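Student: Before I ask anything, let me first share the structure, which is written out below as structure tokens.
Residue numbers (the working numbering): 1 to 116.
Written out as structure tokens, the structure is:
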């Protein structure tokens, strides 16, 4: 059971990082961080046509980075801030690891240079 939860979380993070890999999608998320946006406004903020924006929005929604709501005839996109906790946890875990490794490297280089 525990293994399944880890694999499920890794698959979700893969989807999140894939969604974040595109600069246009990141621009969309930056716009949503300020406030919810109508799909058309989000498309123009990313420099995309409506159809291309819709595909990118669907990918961001599948990754859980945003969710949509309907207000009358318009569809609005909202940032899902909960997913960022998973991303921050992943980055913090690796930052701690690399910080330790870099400290070890710095210590080693100091020893090597001190012995010359």
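All C-beta atoms in this analysis are idealised placements derived from N, C-alpha and C, irrespective of residue type, glycine included.
If you're wondering where the values come from, they're calculated on a predicted model, not measured in any experiment.
To which residues of the same chain is residue 39 closer than 6 Å at the C-beta, ignoring the five residues directly before and after it?
Tutor: For the purposes of this step, residue 39 is taken as the residue at position 39 of the chain shown. 75.
Student: Do residue 59 and residue 77 have their CB atoms nearer than 8 Å?
Tutor: Counted from its first residue, the chain shown places residue 59 at position 59. Counted from its first residue, the chain shown places residue 77 at position 77. Taking the C-beta atoms as reference points, residue 77 is found no nearer than 8 Å to residue 59.
Student: Which residue marks the beginning of the beta strand (DSSP E) containing residue 69, and which one marks its end?
Tutor: Locating residue 69 in the chain shown gives position 69, where the first residue counts as 1. For residue 69, the enclosing beta strand (DSSP E) starts and ends at 66-71.
Student: For residue 16, count the other beta carbons within 10 Å of its own beta carbon; 16 or more makes it buried, fewer makes it exposed. Which is it?
Tutor: Here residue 16 refers to the residue found at position 16 when the chain shown is read from its first residue. By the 10 Å Cβ count, residue 16 comes out buried.
Student: Along the chain, where does the alpha helix (DSSP H) containing residue 50 start, and where does it finish?
Tutor: By one-based count along the chain shown, residue 50 stands at place 50. Where residue 50 is concerned, the enclosing alpha helix (DSSP H) stretches over 50-62.
Student: Can you say whether residue 46 is buried or exposed, counting buried as having 16 or more other CB atoms within 10 angstroms of its CB?
Tutor: As a working mapping, residue 46 is identified with position 46 in the chain shown. By the neighbour-count rule (16 or more Cβ atoms within 10 Å), residue 46 is buried.
Student: On the three-state DSSP scale, how would you describe residue 84?
Tutor: Locating residue 84 in the chain shown gives position 84, where the first residue counts as 1. Shown here, residue 84 sits in a helix according to DSSP, grouped into three states.
Student: In the DSSP assignment, find the alpha helix (DSSP H) that holds residue 44 and state where it starts and stops.
Tutor: For the purposes of this step, residue 44 is identified with residue 44 of the chain shown, where counting begins at 1. Its alpha helix (DSSP H) spans residues 39-46.
Student: Could you check if residue 93 is buried or exposed, using at least 16 other CB atoms within 10 Å of its CB as the buried criterion?
Tutor: Position 93 of the chain shown, counting from 1, holds the residue named residue 93. Under this definition residue 93 is an exposed residue.
Student: When DSSP builds the beta bridges, which residues end up paired with residue 78?
Tutor: Against the chain shown, residue 78 aligns to sequence position 78. 67, per the DSSP bridge assignment.
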